[in-house]
Amino acid sequence: MNEPILEAGAVEQGTSLWKDAWIRLRRNRLAVFGLVVLVSFVILALLTPWIAPYAYDDQNLDLGATPPSAAHWLGTDIFGRDLLTQILYGGRISLAVGFVATAVALLIGVTWGAVAGYVGGRVDAVMMRLVDILYALPFMIFIVLLMVVFGRNLLLLFLAIGAVEWLTMARIMRGQVQTLRQQEFVEAAVSLGLSPATIIWRHLVPNALGPIIVYTTLTIPSVMLLEAFLSFLGLGVQPPQTSWGLLISYGAETMEEYPWLLIFPGAALTLTLFALNFLGDGLRDALDVRGSTD
Amino acid sequence: MWKFVASRLLQAVPVILAVITVTFFLVRVAPGGPFDSEKAVIPEVKAALEAQYRLDQPLFQQYVAYLGDLAQGELGPSFKYPGRSVNELIAAGLPATAELGLYALLVAICIGGVAGVIASLKPNTAQDYIPMSLAMIGICMPTFLLGPLLVLVFGIHLEWLPVSGWGDMPGDKLLPSLTLGAAYAAYVARLSRAGMLEVLSQDYIRTARAKGLPEWQVITRHALRGGLMPVVAFLGPAFAGLLAGSFVVETIFQIPGLGRFYVQAAFNRDYTMILGTTVFLSTLIVLFNLASDVLAAWLNPRLRSQFGEA
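Heads up: the protein sequence lines correspond to chains A and B, in order. Positions in the first sequence are counted from 1; adding 33 to them yields our numbering. Positions in the second sequence are counted from 1; adding 23 to them yields our numbering.
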């Protein structure tokens, strides 16, 4: 008697939302390519201190700038520093800025949007009006200003970029929560006497994970681009630390004689941005997220 | 319609005021006074300078006085270059920047729009994939990488075009405009493709085809207007991006424009210059956003009817 019921249960177990999305994502070749590139770059960044062929501050002024060779796969810069080592260490900073600043944006945006959407009414109106006003501010100019006024340190860079990028996330999250809060499981949670904070974090946020993940994947490249932009102008990451934006800036100065110093860091940055955008687009299709991500 | 414009203008006022206030106080709380770097300034000279720049007054009074100056269109003197005012500098830099921005916008709309429309006509064929892959490259390739690469190929190796300057040699405006416009062309291509695809599936397009219009007329007279709506809405945000991009492009190609002045002022810690330029650029961006919204509303009959006037 019990057997048919068990079987029915087993069949239903087969396709959860996430499994389904994973299957769809795997069919998208560009998205898989993006995922593979991204994961390998992250692994390389994590292992850099152990796998970098030379020490970070290893100079060889007698050697000078040399094109790619067996000893230096990507060549050396004018101080005789190994370019591959520089790119690996620069990638650590660029990726770290991308992930940490996005995490800051994620935390502010999700909280802000969820509270506005859940509380509603006048609180919502005021909170979202503030987002509208901030949207109209020219943030690129503000970040330049912040970096000038408070000096150019990495922590400020994280905070400044994160503080800019949370706005769209807040809008997306608010829209999600507004539709979710009408549903019975939220009503049930309210009648159980759960606090609003618990309802938001335990019940609403997990149900909005799809759009959050997709938008996060698309925020990371724009954050990395912002960091590279600032570093290129000399207002971002400062020596002795380095980042891809800074390496591109050095490369552009000497590209006439030593084009590889521009091309390899440029390729690293472009490839990463490609990977993230493909993965983001793929995730959007796989999780079937529609709406205001662009 | 005018009501809409007026209400949007009213909304822009607090935004601009917020920009001015935040920028002003940020610059004033910055560590290090503007005259700290000069060695041993005679106390009398320092006092005279501080009086000239109103630094001897309480902060709030300085703020009110600054607002008064702004109301008269006076952006203040430069800290680093005595005798030069921010107004003069903007007057000197704006023409080149405005011209560069205009050309870049033309590049974006013409190349991007055409590519997007072409792609939308035969979706999921080579005619779609090729322009869209190029657009993806355009989005992922930062301006500060594309610029040097274009210089390397067309300026240094092929020697077809000058590598820097603005209006000094024939053709020297081409590379900067292309560099700045490329990323926006890519966005415009994606937006116009998506917009066109949506419009082309509408009933009124089927009607136009059914009454026997040639295909190119269906596209130019019926589809384009609706299909390019997302592009118009994108122009406002794009303008802010173009300005930021001009910082980089003007630095790479050594164009004497506003963007390069701004970056230089940032490096020199020329606070009044940064303050003045930020206020000016921000106001410009807010107004441009407004214009783009109004244009989008005016082009969209559904939105227009909301204002009770056609």
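The beta-carbon is built from N, C-alpha and C at its ideal position, and this holds for glycine as well.
Annotated as proximal: residue 123 of chain B and residue 203 of chain B, with beta-carbon spacing under 9 Å. In the three-state reduction of the DSSP assignment, residue 199 of chain B falls in the helix class. Cβ-Cβ distances below 8 Å link residue 207 of chain B to 127, 128, 130, 131, 135, 261, 264, 265 in the same chain, with the five nearest sequence neighbours on each side left out; the list follows chain order.
In the three-state reduction of the DSSP assignment, residue 115 of chain A falls in the strand class.
In this structure, residue 315 of chain A and residue 131 of chain A do not form a Cβ contact; the two beta carbons are roughly 18 Å apart against a cut-off of 8 Å. Around the beta carbon of residue 69 of chain A, a 10 Å sphere encloses fewer than 16 other beta carbons of the protein chains shown; the residue is thus reported as exposed. Looking at the DSSP output, residue 108 of chain B sits in a beta bridge with B/100.
Under the three-state reduction of DSSP output, residue 109 of chain A falls in the strand class.
The three-state reading of DSSP puts residue 153 of chain A in coil, since its state is none of H, G, I, E or B. Only residues of its own chain outside the window of five on either side were considered, and among them 203, 206, 207 have a CB closer than 6 Å to the CB of residue 146 of chain A, listed in chain order. Listed in chain order, the non-local C-beta contacts of residue 141 of chain B below 7 Å within the same chain comprise 150, 154, local neighbours out to five positions each way being set aside. Only buried fits residue 110 of chain A, as 16 or more other CB atoms lie within 10 angstroms of its CB. Flagged as an interface residue toward chain B: residue 261 of chain A, by a C-beta distance shorter than 9 Å. Its Cα nearest to that of residue 86 of chain B, the residue B/40 stands out among B/248, B/40, B/65. Secondary structure at residue 270 of chain A: coil, using DSSP grouped into helix, strand and coil. Rounded to the nearest whole angstrom, the CA to CA distance from residue 262 of chain A to residue 98 of chain A is 25 Å. Note that the C-beta distance between residue 254 of chain B and residue 215 of chain B is below 9 Å. Closest by C-alpha distance to residue 186 of chain A, out of A/235, A/264, A/300, is A/264.
DSSP places residue 127 of chain A in the helix class (H, G or I) of the three-state scheme. Listed along the chain, the chain A residues whose CB falls inside 8 Å of the CB of residue 37 of chain B are 166. Per DSSP, the continuous alpha helix (DSSP H) segment holding residue 163 of chain B begins and ends at 149-163. Out of B/37, B/319, B/294, the CA that lies nearest to the CA of residue 183 of chain A is found in B/294. Contact between residue 260 of chain A and residue 276 of chain A is confirmed by a C-beta separation of about 6 Å, below the 8 Å threshold. Rounded to the nearest whole angstrom, the CA to CA distance from residue 305 of chain A to residue 74 of chain B is 52 Å. Any Cβ of chain B closer than 9 Å to the Cβ of residue 202 of chain A would place that residue at the interface, and such an atom is absent. In this structure, DSSP gives residue 47 of chain B a helical state, which the three-state scheme calls helix. The DSSP-derived three-state label of residue 293 of chain B is coil. Residues 77, 121 of the same chain have their beta carbon placed closer than 8 Å to that of residue 84 of chain A, with the five preceding and five following residues left out of the count. Sequence-distant Cβ neighbours of residue 151 of chain A in its own chain, meaning closer than 8 Å and more than five residues away, are 210, 214, 229, 232, 233, 237. Around the beta-carbon of residue 227 of chain B, fewer than 16 other beta-carbon atoms lie within 10 Å, marking it exposed. Per the C-alpha coordinates, the member of B/102, B/176, B/157 positioned closest to residue 211 of chain B is B/157. Taking 9 Å as the CB threshold, residue 126 of chain A stays off the interface with chain B. In the displayed model, residue 214 of chain A falls within coil according to three-state DSSP, outside both helix and strand.
Inclusion of residue 172 of chain A and residue 301 of chain B in the CB contact set at 9 Å is not warranted, their separation being larger than that value. Three or more beta-carbon pairs separated by less than 8 Å link the region 102-119 of chain B to the region 264-279 of chain B, which places the two stretches in contact. Only buried fits residue 255 of chain A, as 16 or more other CB atoms lie within 10 angstroms of its CB.
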